[in-house]
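Peer 1:
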């Protein structure tokens, strides 16, 4: 078991060396940002993980195995990321304003999955929304999902 984990981490490390930011997929960039919100309060709740799985499955039309692998890789990437820029820039280059608003809605839904939105989760979402170049009105529009 430990050998398999080491092999997986070695392969992941080799992939990171080969991959450049331009090869980062939209799916990975989005999932990493969702993981950042999920990890922001220092807890990985089952409710949040279930919500993340549901959001990724619905948004990207992936099967269970693909979603599981994507989430595992995104959590690892999130734990080693030093900022959000590489992920938000990928989204900025490839998504419309409407898609970015939808992304921020997903961030809010994930933060609320455990029944409460902590201040650090709200701050993280605000930072991501700023990096996605959303106007205040667009941010508020996305945030309205939690009051529905």
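Numbering (the UniProt record's numbering), first residue to last: 1 to 148. Just so you know, even glycine gets a beta-carbon here, dropped at the ideal spot from N, CA and C.
Run the CB neighbour count on residue 101, radius 10 Å, all protein chains shown included, and call it buried at 16 or more, exposed below.
Peer 2: Taking the first residue of the chain shown as 1, we reach residue 101 at position 101. Flag for residue 101 reads buried.
Peer 1: How long is the line joining the alpha carbons of residue 70 and residue 142, rounded to whole angstroms?
Peer 2: Residue 70 sits at position 70 when you count from the first residue of the chain shown. Residue 142 sits at position 142 when you count from the first residue of the chain shown. When rounded, the distance between both Cα atoms is 24 Å.
Peer 1: Look at residue 32 and residue 121 and say whether their C-beta atoms are less than 9 Å apart.
Peer 2: For this step, residue 32 is matched to residue 32 along the chain shown. For this step, residue 121 is matched to residue 121 along the chain shown. Taking 9 Å as the Cβ cut-off, residue 32 and residue 121 do not qualify as a contacting pair.
Peer 1: Which of the three DSSP states, helix, strand or coil, is assigned to residue 116?
Peer 2: For the purposes of this step, residue 116 is taken as the residue at position 116 of the chain shown. Residue 116: coil per DSSP, three-state reduction.
Peer 1: Pull up the distance between the alpha-carbon of residue 22 and that of residue 66, whole angstroms please.
Peer 2: Taking the chain shown and counting its residues from 1, the one referred to as residue 22 is at position 22. Taking the chain shown and counting its residues from 1, the one referred to as residue 66 is at position 66. Because residue 22 carries a pLDDT of 49, less than 50, the predicted location of this residue cannot be relied on, and no value is offered for it.
Peer 1: Just verifying my parser: in three-state terms, what is the DSSP assignment at residue 80?
Peer 2: Position 80 of the chain shown, counted from the start, is the residue given in the question as residue 80. Note: residue 80 maps to helix in three-state DSSP.
Peer 1: My guess is that residue 34 and residue 110 are in contact by the Cβ rule of under 8 Å, so how many angstroms apart are they, rounded?
Peer 2: To locate residue 34, count along the chain shown from 1; it is residue 34. To locate residue 110, count along the chain shown from 1; it is residue 110. Rounded, the Cβ-Cβ distance is 6 Å, consistent with contact.
Peer 1: Can you tell which of 123, 140, 133, 106 has its C-alpha closest to the C-alpha of residue 51?
Peer 2: One-based indexing of the chain shown puts residue 51 at position 51. Checked all of 123, 140, 133, 106; the closest Cα to residue 51 is 106.
Peer 1: Taking all protein chains shown into account, decide if residue 3 is buried (16 or more other Cβ within 10 angstroms of its Cβ) or exposed.
Peer 2: As a first step, residue 3 is located in the chain shown; it is residue number 3 there, counting from the start. So residue 3 counts as exposed.
Peer 1: Just verifying my parser: in three-state terms, what is the DSSP assignment at residue 95?
Peer 2: By one-based count along the chain shown, residue 95 stands at place 95. Coil, per DSSP.
Peer 1: Check the C-beta distance from residue 39 over to residue 78 and give it rounded, since I have them as a contact under 8 Å.
Peer 2: As a working note, residue 39 is residue 39 in the chain shown. As a working note, residue 78 is residue 78 in the chain shown. About 6 Å; that satisfies the 8 Å criterion.
Peer 1: Determine, using beta carbons only, whether residue 127 and residue 84 come nearer to each other than 9 Å.
Peer 2: For the purposes of this step, residue 127 is taken as the residue at position 127 of the chain shown. For the purposes of this step, residue 84 is taken as the residue at position 84 of the chain shown. Against a cut-off of 9 Å, the Cβ pair of residue 84 and residue 127 comes out as a contact.
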